[in-house]
Every structure is written in structure tokens, then in C-alpha cells.
Amino acid sequence: MGRRWVVDIFDLWLDNAADLGYVDEDSLQYRFVNMLEYSSMHISDKIFVITETMCEFYLEKYPEVHEEKIEIIPFGVNTELFSPDTNTTNNGSDIIYTGNLGTGQAFIPFLEAFAELDLNLTLSIVGDGERREELEKLVESLDIEDRVTFVGLVPREEIPERLSSAKVSLVPLKTEHSLDYARPNKMLEAMAVGTSYIASSVKEITKISEQRNTGVATCNERLTIKDAMETLIQNPELREEMGENGIKVINEEHDWEVIGQRATNSISKLVRE
Numbered sequence: 001m002g003r004r005w006v007v008d009i010f011d012l013w014l015d016n017a018a019d020l021g022y023v024d025e026d027s028l029q030y031r032f033v034n035m036l037e038y039s040s041m042h043i044s045d046k047i048f049v050i051t052e053t054m055c056e057f058y059l060e061k062y063p064e065v066h067e068e069k070i071e072i073i074p075f076g077v078n079t080e081l082f083s084p085d086t087n088t089t090n091n092g093s094d095i096i097y098t099g100n101l102g103t104g105q106a107f108i109p110f111l112e113a114f115a116e117l118d119l120n121l122t123l124s125i126v127g128d129g130e131r132r133e134e135l136e137k138l139v140e141s142l143d144i145e146d147r148v149t150f151v152g153l154v155p156r157e158e159i160p161e162r163l164s165s166a167k168v169s170l171v172p173l174k175t176e177h178s179l180d181y182a183r184p185n186k187m188l189e190a191m192a193v194g195t196s197y198i199a200s201s202v203k204e205i206t207k208i209s210e211q212r213n214t215g216v217a218t219c220n221e222r223l224t225i226k227d228a229m230e231t232l233i234q235n236p237e238l239r240e241e242m243g244e245n246g247i248k249v250i251n252e253e254h255d256w257e258v259i260g261q262r263a264t265n266s267i268s269k270l271v272r273e
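Under the UniProt record's numbering, the sequence shown has 17 at position 17, and the numbering climbs by one with no breaks.
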């Protein structure tokens, strides 16, 4: 019928589900969805992916797919809500985590590292999930319950101010799973308000952290994380530099208006061909 087909991929749901043990690769469900993915990748005229690392993943998984068919259209941030002009408060925590308390997060080494920091430093954990009780017990066993606050779920409108008021945001991910492609929303939102981050060193996070100096990517090892926390907490000039770099990256690559124009241009060109 002459119509063009564009596939927009913003997460590796299928591969992540198998890697995290939620689905068996031999199951009927996995094989059926995998068949749909295979067909989509081969029949489509254009494939949008969110990061360079995700592009590399699919080129390796489907080597017969032409590279020029894949285009990187990043995930965006609401820059009106998450803005460098966000108000800050003096009673915010020194360090913050925002997001799901789930299977894919590497909380344990980050909490163990925090337990060895200066006793005056505080950590807020904003969000909820299946591991909350486990993490509360860990905090108690580390004897840091007076410095760690489990805030729970809050209205999304409160997140920017909480992020902006913190010195450092945490992005802990389990590096043994298929998360190399990810630029997590929690990291992008911290960057948007100008807050530096410490993140697990999955491939895409390491790449942007080193190339653009927006935060610190570290292995999930207690002493290395502790060193990163101490470095950022003790160096406000470095935090400010990383924060400014993060804002620049968001404005250049993750503003929805910019992303929308890129996608529109790509689709318009495809239609004209």
C-alpha cells in the first residue's frame, strides 16, 4: 500500500525480562514476542532507538539489519518541570535516590558505602517497591537509620525540588544485567536540575559521564562508591561544573521539543523517499 513503517524502541523489555528471570527464554510467551521483534526489525523502514549503546545492541543481535535504518532519538525530559531554575530548600538531604526500589537496582554497595561516610551526612530514598522492607532492614543493620529517610511515594511535582536541593543523586544499577543501553530517567532528571550524580558503570552511563563530565560512573564496589561520594560531597566546584554540563546535555539532546523536531524531520524524509 506504499505506507512506511517506523518502529520506536525505548526499552529492552524482552531481553531485560529474560535477564532478570521474569520469563524463560524457552517459554511460548518469550518465543512469540521475540518473533514479533524479529519481524518488526526486518520489515520496518526506520527504527528509532534511544541511545548509541542500544543501537549497537540491536546491530549485534540482528547483524543483517542495515545500520543506516537505525536512528538515535533519545528519551526526553520535561524541562519545564525539571529545570535548573527549580527552587531549592536548605533542609534537603545531602544525597538522594529517586525511583523504584526494585530488582534491577544495586542498592546494597551504595548503602554500605554511605554507612562509612561522615556521620553528619543524610540520605533520602524517595520511592517505593518490592525491596523496601529488605532495604529498611539493611539500613538498620548498618546502624544508619538516623541518617537515612525512606520518604516513600510523593507527587511527581515534588521531585525536582528534592533533586535540586541535594548535593548528589544516586543511580544504582545491577551491572550483571542487560542494562548497558540505559540512560535512566532518574539520571536525566538530576542532570536537568543541575545536580551531579553517582551511577553504576553500565556502558551508556559510563560513556556520557566520561565524555561530557556530567557525573561519576563507578563499579558497584563499596570502597569505590565511598570514594566517589566523598569526592563530590567535598568539592562543590566539581559538583557545580558537572551540574552545568548536565543541563547543557539535557538542552541539547533530551528536550522534548528538540526530540520532536528530530523525529518529525526523520519521518518526513522517509515519506518523501
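Note that beta-carbon positions come from the ideal geometry of N, C-alpha and C, so glycine has one too.
As the structure is a prediction and not an experimental result, all values here were calculated from the model.
Beta-carbon to beta-carbon, residue 162 and residue 126 are separated by about 6 Å, close enough to satisfy the 8 Å threshold. With a cut-off of 8 Å on Cβ pairs, the segment 188 to 207 is in contact with the segment 165 to 175, counting three or more such pairs. Just measuring C-alpha positions, the residue of 221, 188 and 120 sitting nearest residue 78 is 188. Per DSSP, residue 26 has no beta bridge partner at all.
Between residue 239 and residue 167, the beta carbon gap of about 6 Å places them in contact (Cβ cut-off 8 Å). Inclusion of residue 43 and residue 9 in the CB contact set at 8 Å is not warranted, their separation being larger than that value. A Cβ-Cβ separation of about 7 Å places residue 108 in contact with residue 138 under the 8 Å criterion.
As computed with DSSP, residue 62 is found in no beta bridge at all.
Boundaries around residue 96 are those of the beta strand (DSSP E), 95 to 98, since no alpha helix (DSSP H) includes it. By the beta-carbon neighbour count (other beta carbons within 10 angstroms, threshold 16), residue 154 is exposed. Annotated as proximal: residue 204 and residue 181, with beta-carbon spacing under 8 Å.
Within the DSSP secondary-structure output, residue 152 pairs in a beta bridge with 126. Residue 105 counts as buried, since no fewer than 16 other beta carbons sit within 10 angstroms of its beta carbon. Residue 100 is classed as exposed because its beta carbon has fewer than 16 other beta carbons within 10 Å across all chains shown. When DSSP states are grouped into helix, strand and coil, residue 218 belongs to the strand group. Taking one beta carbon from each stretch, the segment 52 to 67 and the segment 129 to 144 have fewer than 3 pairs nearer than 8 Å; the two do not touch. When the alpha-carbon of residue 194 is set against those of 39, 160 and 264, the nearest one is in 160. Taking the Cα positions, residue 150 is about 20 Å away from residue 185. The DSSP-derived three-state label of residue 71 is strand. The Cβ-Cβ distance between residue 178 and residue 19 falls below 8 Å. Under the three-state reduction of DSSP output, residue 227 falls in the helix class. Sequence-distant Cβ neighbours of residue 5 in its own chain, meaning closer than 6 Å and more than five residues away, are 44 and 45.
Ranked by Cα distance from residue 212, the options 80, 220, 191 and 225 are led by 191.
The beta carbons of residue 74 and residue 51 sit closer together than 8 Å. Per DSSP, the beta bridge partners of residue 198 are 170 and 216.
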